[in-house]
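K.L.:
Before anything else, here's the structure in question.
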Amino acid sequence: MGKLVVVGISDQQIVSSPDTLVTYALGSCVGICLYDNLRRIAGLAHILLPEAFGEAGGNNIYKFADTAIEELIRSMGKKGCVSLHLTAKIAGGANMFATTGKSIGDRNVETVKKELQRLRVRLVAEDTGANYGRTALFNPEDGSLTVKTAGKGNKVL
Amino acid sequence: MENYNNLNEIQISVLSEIGNIGAGNAATALSHILSDRVMMSVPDLQIIDVNRMTTILGGPENEVAGILVNMTGDVEGMMLFLLEEEFICLLINALMYKNIKSFADILEIEMSAIMEMGNILAGSYISAISMMTNLDIRLSPPQVALDMVGAILSYPAALFGSMGDELLFIEEDFLSGENKIKSHLLIMPEPKSLEIILKSLGVS
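Here the protein sequences line up with chains Y and R, keeping their order.
Read in the numbering used here, the first sequence has 781 at position 132, and its numbers run on one by one without any break.
Read in the numbering used here, the second sequence has 312 at position 34, and its numbers run on one by one without any break.
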């Protein structure tokens, strides 16, 4: 059995099999799992917001979709992963409370997808939107993403 | 006032006093619902980040009820109550003469009861603020989410992410008979509105 590595909010981690990754209780946040199936290496980023907006939000590049994904690819590159071989699975982006206009969850998902496209990483699976929280577990052994919820069932992507 | 971290000690103690009066009003309202005496502790006002708040509330996957109320008028922002499953069941059972034991038993009618509790609790705190500041603050109808606390907290975290990671948090114990129930409240005035509140209290 490998270690279970926890990814916090505005955080990212990289593991290789047999270790696994988890990020708890994604609401409007999005968990982005990047996977190199040749090397059995996986990276998971937990972003809070779509894009950085000046200094006020702090300088944490892991906090924003438009900086975090690129950084995760760069870090995985240092471990020998080639971005062209990476695939992505994403979860989260819920709308926990009804809002008028476009919700932060929707904007997060939209920006994550745009970023993946820009960085040429293929999105292979997603469980996003709706109005409930999700815990995401990623296993680099088989590349599976398990999504757990409170009372809305679990699924494996 | 760019973020809550810039508050000084006097400002924090004045805000704690609002919390105190609000909690007093809330305890009175709760004692009507429970038909029992409700005692309260001195509220603990903290400025903490979401990760720590999640830990205080039993870890990110702990299921709680989040009741969100928006403030408009002289003060813009929101209040978010985070109430434990036990607390919710106790209140519903007292209010509706039921015997529910978990969130799984909650249907539409119980949901509206939770919203009503949100109305009562939010009103308790807002009338405290209005009384002390003479500001006119209106509340939106409450919205309820029964979910993992981490997921619920992502909502204020994202909305206020532009002003840093810290939020104003009031923890309060209510005691009724043998029951000790914890209420957690996040008050998130917009930075401008916080300034208006502090100014009205003479501590800007």
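Note that the Cβ used here is the ideal one computed from N, Cα and C, for glycine as well.
Run the CB neighbour count on Y/Ser-752, radius 10 Å, all protein chains shown included, and call it buried at 16 or more, exposed below.
P.N.:
buried
K.L.:
Going by the beta-carbon positions, is the gap between R/Ile-384 and R/Ile-378 smaller than 8 Å?
P.N.:
yes
K.L.:
Using a Cβ cut-off of 8 Å, which residues of the stretch 410-440 of chain R contact any Cβ in chain Y, in chain order?
P.N.:
Gln-421, Ala-423, Leu-424, Asp-425, Met-426, Val-427, Gly-428, Ala-429, Ile-430, Leu-431, Ser-432, Tyr-433, Ala-435, Ala-436, Leu-437, Gly-439 and Ser-440
K.L.:
Tell me whether Y/Asp-685 is buried or exposed, calling it buried when 16 or more other Cβ atoms sit within 10 Å of its Cβ.
P.N.:
Classification for Y/Asp-685: buried.
K.L.:
Using alpha carbons as the reference points, say which of R/Leu-285, R/Glu-449, R/Gln-421 and R/Ile-288 lies closest to R/Met-356.
P.N.:
R/Gln-421
K.L.:
Taking 6 Å as the limit between beta carbons, can you name the residues of its chain near Y/Arg-771, skipping five residues before and five after?
P.N.:
Thr-736
K.L.:
What residues in its chain sit with their C-beta under 6 Å from that of R/Thr-350, if we drop five residues either side in the sequence?
P.N.:
Arg-416
K.L.:
With DSSP as the reference, identify every bridge partner of R/Ser-454, one or two as the case may be.
P.N.:
R/Asn-457
K.L.:
What number of angstroms, rounded off, separates the C-alpha of R/Glu-339 from the C-alpha of R/Thr-332?
P.N.:
Between R/Glu-339 and R/Thr-332, the C-alpha separation is close to 9 Å.
K.L.:
In this structure, does DSSP put Y/Ala-737 in helix, strand or coil?
P.N.:
strand
K.L.:
Under 8 Å, with one C-beta from each stretch per pair, do the stretch 755-763 of chain Y and the stretch 661-672 of chain Y reach the 3-pair mark?
P.N.:
no
K.L.:
With distances taken from CA atoms, which of Y/Arg-767, Y/Ser-793, Y/Gly-742 and Y/Gly-729 is nearest Y/Val-773?
P.N.:
Y/Ser-793
K.L.:
Going along chain Y, which residues have a C-beta under 7 Å from R/Asn-457?
P.N.:
None at all; the shortest Cβ gap to chain Y is about 24 Å.
K.L.:
Since Y/Leu-698 meets chain R, which of its residues come closer than 7 Å, beta carbon to beta carbon?
P.N.:
Ala-436 and Gly-439
K.L.:
Between Y/Ala-740 and Y/Val-796, is the Cβ-Cβ spacing less than 8 Å?
P.N.:
In this structure, Y/Ala-740 lies near Y/Val-796, with their beta-carbon atoms less than 8 Å apart.
K.L.:
Interface residues of chain R around Y/Gly-800 at Cβ under 9 Å?
P.N.:
Glu-341, Phe-381, Ala-382, Leu-424 and Asp-425
K.L.:
Can you name the residues of chain Y whose CB is closer than 9 Å to the CB of R/Val-347?
P.N.:
Those do not exist, as R/Val-347 stays about 10 Å from chain Y at its closest Cβ, beyond 9 Å.
K.L.:
Going along chain Y, which residues have a C-beta under 7 Å from R/Pro-338?
P.N.:
Correct list: Tyr-673 and Ala-674.
K.L.:
DSSP has Y/Gln-661 in a bridge; who is on the other side?
P.N.:
Y/Ala-694
K.L.:
Identify every residue that forms a DSSP beta bridge with Y/Glu-775.
P.N.:
Y/Ile-739
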